[in-house]
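Number of protein chains: 2
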Amino acid sequence: MDNRQNIMDQALRLFAAKGYEAVGVEQIARAARVTKPTLYHYFGSKAGLLDELLQVNFLALLEAVRPAADYQGDLPLTLYRLAGAYFDFAKQNPEFYRLQLSLWLGPHQSESSLAVRPWAHRQQTLLVDLFLAAARDHGNMKGRQQRYAVSYLGQVNTFIGLVLNGFLEPSDGMVFNLVHQFMHGIYS
Amino acid sequence: MDNRQNIMDQALRLFAAKGYEAVGVEQIARAARVTKPTLYHYFGSKAGLLDELLQVNFLALLEAVRPAADYQGDLPLTLYRLAGAYFDFAKQNPEFYRLQLSLWLGPHQSESSLAVRPWAHRQQTLLVDLFLAAARDHGNMKGRQQRYAVSYLGQVNTFIGLVLNGFLEPSDGMVFNLVHQFMHGIYS
DNA sequence: GGGATAGTGTACCGTACGGTATAGTGGTTG
DNA sequence: CAACCACTATACCGTACGGTACACTATCCC
Numbered sequence: 343m344d345n346r347q348n349i350m351d352q353a354l355r356l357f358a359a360k361g362y363e364a365v366g367v368e369q370i371a372r373a374a375r376v377t378k379p380t381l382y383h384y385f386g387s388k389a390g391l392l393d394e395l396l397q398v399n400f401l402a403l404l405e406a407v408r409p410a411a412d413y414q415g416d417l418p419l420t421l422y423r424l425a426g427a428y429f430d431f432a433k434q435n436p437e438f439y440r441l442q443l444s445l446w447l448g449p450h451q452s453e454s455s456l457a458v459r460p461w462a463h464r465q466q467t468l469l470v471d472l473f474l475a476a477a478r479d480h481g482n483m484k485g486r487q488q489r490y491a492v493s494y495l496g497q498v499n500t501f502i503g504l505v506l507n508g509f510l511e512p513s514d515g516m517v518f519n520l521v522h523q524f525m526h527g528i529y530s
Numbered sequence: 343m344d345n346r347q348n349i350m351d352q353a354l355r356l357f358a359a360k361g362y363e364a365v366g367v368e369q370i371a372r373a374a375r376v377t378k379p380t381l382y383h384y385f386g387s388k389a390g391l392l393d394e395l396l397q398v399n400f401l402a403l404l405e406a407v408r409p410a411a412d413y414q415g416d417l418p419l420t421l422y423r424l425a426g427a428y429f430d431f432a433k434q435n436p437e438f439y440r441l442q443l444s445l446w447l448g449p450h451q452s453e454s455s456l457a458v459r460p461w462a463h464r465q466q467t468l469l470v471d472l473f474l475a476a477a478r479d480h481g482n483m484k485g486r487q488q489r490y491a492v493s494y495l496g497q498v499n500t501f502i503g504l505v506l507n508g509f510l511e512p513s514d515g516m517v518f519n520l521v522h523q524f525m526h527g528i529y530s
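Chains as they are written, first to last, in my numbering: chain A, 343 to 530; chain B, 343 to 530.
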């Protein structure tokens, strides 16, 4: 009976499945068994609904992965733990993760992709900081933190995306393999 | 004066910038300085226009990268050449590549993402075949071709996407670094 | 010249879009 | 009791959507 939460749940489900632009406000309201004015009472606009959705879920994502990104001298351990945190979060919030992924490299002028930009930036900052911290112990990293951050998150997101879309069957060793390959390449 | 080509150019530009669902047929026709019936004469429907767009450009992409994926005993060389082919193609067709990327991990039930699925599959097949061919010389690869194909293309696409969207400045060594990291990891 | 054919413009179809004015409802607070 | 306030339903706004009927023109082949 919590209409607000209900609207957010249905909106997330529909946005993730069909894309933000392809889903109408009416459709969301119908799915949540409320009428449009109710939706507009809580969120003001369709874009406001998306913003709220992104904020709630990205804050949860950051909260879930930030502790895992805490570098304490063991880079492999941290990377493994972090990838695990991402996979776990994606598994628990598959719809949000799918939505997020679709916006990550989405059309750069669509309002939905613009809305996700600051959150993507915060994630990247988290990773750059991790590699910067690790650089104190691995002196030979200078200038490469950004590339590492980008490719690490890219690799994690690629695998999560392919699993979520059913193009790749998940397996127990996937996280380990992914991180191992990131660190040592395919020649090992 | 070539209306058909004009419509395709403008549609590609608009789809890449705002997304397929967010662009109206009227808008495309106006940008191409024709009227809607002209567009419908050539393409039958909005979806037909997208399909044609994808077919033409994906065939060009496959033609551009297939020779580079021809394995002749030197895997590093092949991977380097192939990544270069992808980057070159993306640089020459930035709008198509952006569109393609936005659909790659896009909402899995949207018709635009469904339209790109078979082409993504053909690309992946190309890469799996490459790693399978290489496996004859690198016997220790069994069962990992798919993971390699997926992560290789994921890595290439991640970097191209970030460069195309301006999140990462392109550099001369980028392709080399990317492939080197794919083969040897960050610990080298 | 005459008939077919590809291509294009005018005007229009029904529907769905995002959003809102207005009038309530029920419960809480003075 | 009365004023208030968060919330919800009916009914509607103007606009844009994807798509089309139809008439017209230019070109080409006979």
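Don't be surprised by glycine CBs; every beta carbon is placed ideally from N, CA and C.
Within-8 Å CB hit, residue i to chain A
i: I528/B; result: yes
i: Q451/B; result: yes
i: S551/B; result: Nothing in the structure corresponds to residue 551/B, since chain B is present only between 343 and 530.
i: K378/B; result: no
i: A358/B; result: yes
i: L443/B; result: yes
i: Q465/B; result: no
i: Q347/B; result: no
i: F524/B; result: yes
i: L504/B; result: yes
i: L447/B; result: yes
i: N519/B; result: yes
i: V492/B; result: yes
Extent of the continuous alpha helix (DSSP H) to which residue i belongs
i: H383/A; result: K378 to F385
i: D351/A; result: N345 to K360
i: R464/B; result: E453 to A477
i: A427/B; result: L417 to Q434
i: R372/B; result: V367 to A373
i: R489/B; result: Q487 to L506
i: G527/B; result: Careful: G527/B lies outside any alpha helix (DSSP H) and carries neither H nor E.
i: D412/A; result: Looking at the DSSP string, D412/A is not in any alpha helix (DSSP H), and its letter there is neither H nor E.
Contact set for residue i: own chain, Cβ-Cβ below 8 Å, skip 5 residues either direction
i: E511/B; result: V505
i: I349/A; result: I370, A371, A374, V376, T380, L381, Y384, F385 and L391
i: L483/A; result: It should be noted that the sequence gives Met, not Leu, for residue 483/A. Once the five neighbours on either side are set aside, the close Cβ partners of M483/A are F473, A476, A477 and Y490.
i: D393/B; result: A457
i: E368/B; result: K378
i: F524/A; result: L421, S493, Y494 and Q497
Closer than 8 Å to chain B by CB, residue i
i: R489/A; result: yes
i: M350/A; result: no
i: A364/A; result: yes
i: K435/A; result: Note that residue 435/A corresponds to Asn in the displayed sequence, not to Lys. False, the Cβ-Cβ gap to chain B never drops below 8 Å.
i: G361/A; result: yes
i: Q497/A; result: yes
i: F367/A; result: At residue 367/A the sequence reads Val, which differs from the Phe that was named. Output row for V367/A: interface = no.
6 Å CB neighbourhood of residue i in its chain, flanking five on each side removed
i: Q487/A; result: V470, F473 and L474
i: E437/B; result: L354, R355 and A358
i: V521/B; result: L421, Y422 and A425
i: Q451/B; result: none
i: L417/B; result: A476
Sequence-distant residues of its chain with Cβ nearer than 7 Å to residue i (five each side left out)
i: L396/A; result: A457, V458 and W461
Of the residues that make up the stretch 506-517 of chain B, which ones have a beta carbon closer than 7 Å to any beta carbon in chain A? N507 and L510
Examine the Cβ distances between the stretch 492-509 of chain A and the stretch 348-365 of chain B and report whether three or more of them are shorter than 8 Å. no
Contact residues within the stretch 403-422 of chain B, judged by C-beta distance below 8 Å to chain A: So the list is empty, because no residue satisfies the distance condition.
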